[in-house]
Amino acid sequence: MDRRSRRRLPAGAGPRVGVVPVILTVGHGNLPQDALVRNLQGAGVERVVDVRSRPYSRWHPHFNRRRIAEALTTAGMAYEWEPALGGKPEDPLLHTTDGTPDYALIARHKPFLDALDLLVATSAEASTAIMCAEGEPAGCHRTVLIVPLLGERGVTVRHLLKDGS
Numbered sequence: 081m082d083r084r085s086r087r088r089l090p091a092g093a094g095p096r097v098g099v100v101p102v103i104l105t106v107g108h109g110n111l112p113q114d115a116l117v118r119n120l121q122g123a124g125v126e127r128v129v130d131v132r133s134r135p136y137s138r139w140h141p142h143f144n145r146r147r148i149a150e151a152l153t154t155a156g157m158a159y160e161w162e163p164a165l166g167g168k169p170e171d172p173l174l175h176t177t178d179g180t181p182d183y184a185l186i187a188r189h190k191p192f193l194d195a196l197d198l199l200v201a202t203s204a205e206a207s208t209a210i211m212c213a214e215g216e217p218a219g220c221h222r223t224v225l226i227v228p229l230l231g232e233r234g235v236t237v238r239h240l241l242k243d244g245s
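Going by the working numbering, the letters in the sequence shown line up with residues 81 to 245, in that order.
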């Protein structure tokens, strides 16, 4: 994970030996910040890994990296930003000729795969959610790109929706 934003795991978090890893996905969408935090707490999340390529929002500034990190930390959750898992990489070689991110190329890109493997390995230490901006999981890169690869690694994935379900 990006060391610049690594946070300490909550007290009591540690390896869960013999447990099938479960990773939640969540999109902040247009939720109020406190609603997202409550949903994450209600789901027992101890660590949030931000998989936005650019963790900023002009329309929802309460989800800018610094502000969401502070809110999650205050609520007892660790926050990490992992740009290698973002759906809009800066590298133009990871885009199609029309400039759209090429998920097939990204899925084979070493920095992406390394970050994904680290996410899986560390998910045994704390209940983890990956977070992006898209409120609905269906069209988000976390579902289209990340979830299938987590499944290949034996991870169970559950989507946390904006109503907390």
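All C-beta atoms in this analysis are idealised placements derived from N, C-alpha and C, irrespective of residue type, glycine included.
Could you give the distance in angstroms between the alpha-carbon of residue i and the alpha-carbon of residue j?
i, j, result
"D82", "A155", "Below a pLDDT of 50, predicted positions are generally treated as unreliable, and D82, at 47, falls in that range; the measurement from the model is reported next regardless. Going from the Cα of D82 to the Cα of A155 covers about 21 Å."
"G124", "V102", "12 Å"
"V235", "H140", "31 Å"
"P135", "T105", "16 Å"
"K168", "R132", "8 Å"
"L111", "A201", "30 Å"
"S203", "D114", "24 Å"
"R233", "T223", "15 Å"
"I148", "P172", "29 Å"
"A213", "R138", "12 Å"
"T177", "A195", "26 Å"
"H239", "G179", "28 Å"
"R118", "V100", "25 Å"
"D243", "G109", "12 Å"
Taking residue i and residue j to be in contact with their CB atoms under 8 Å, please state how far apart those CB atoms are, rounded to whole angstroms.
i, j, result
"L174", "P163", "About 13 Å; that fails the 8 Å criterion."
"L165", "F192", "7 Å"
"S207", "E126", "5 Å"
Quick one, which of the options has its alpha-carbon nearest residue i's?
i, options, result
"L116", "L198, A201 and G215", "G215"
"E150", "V128, K242 and T176", "V128"
"Y183", "C212, R146, Q121 and L229", "L229"
"E170", "I186, C220, W161 and M157", "I186"
"H189", "A209, I226 and D178", "I226"
"G122", "A209, L196, R147 and H221", "A209"
"D130", "G231, E205, N119 and R146", "R146"
"D197", "L152, G231 and G244", "G231"
"T153", "T177, R138, G179 and L120", "L120"
"E205", "A218, M157 and K242", "M157"
Can you confirm whether residue i, when its beta carbon is compared against all beta carbons of chain D, has any partner nearer than 8 Å?
i, result
"L240", "Judged by its chain identifiers, the structure shown contains no chain D, having just a single protein chain."
How about residue i: is its Cβ closer than 7 Å to a heavy atom in the ligand COA?
i, result
"K168", "As for the ligand COA, it is missing from this structure, which has no ligand bound."
Ordered list of beta strand (DSSP E) runs contained in the segment 98-166, each at least 3 residues: 102-107, 127-130 and 158-161
Which runs of the alpha helix (DSSP H), 4 residues or longer, sit entirely within the segment 152-238? 183-186, 190-202 and 227-232
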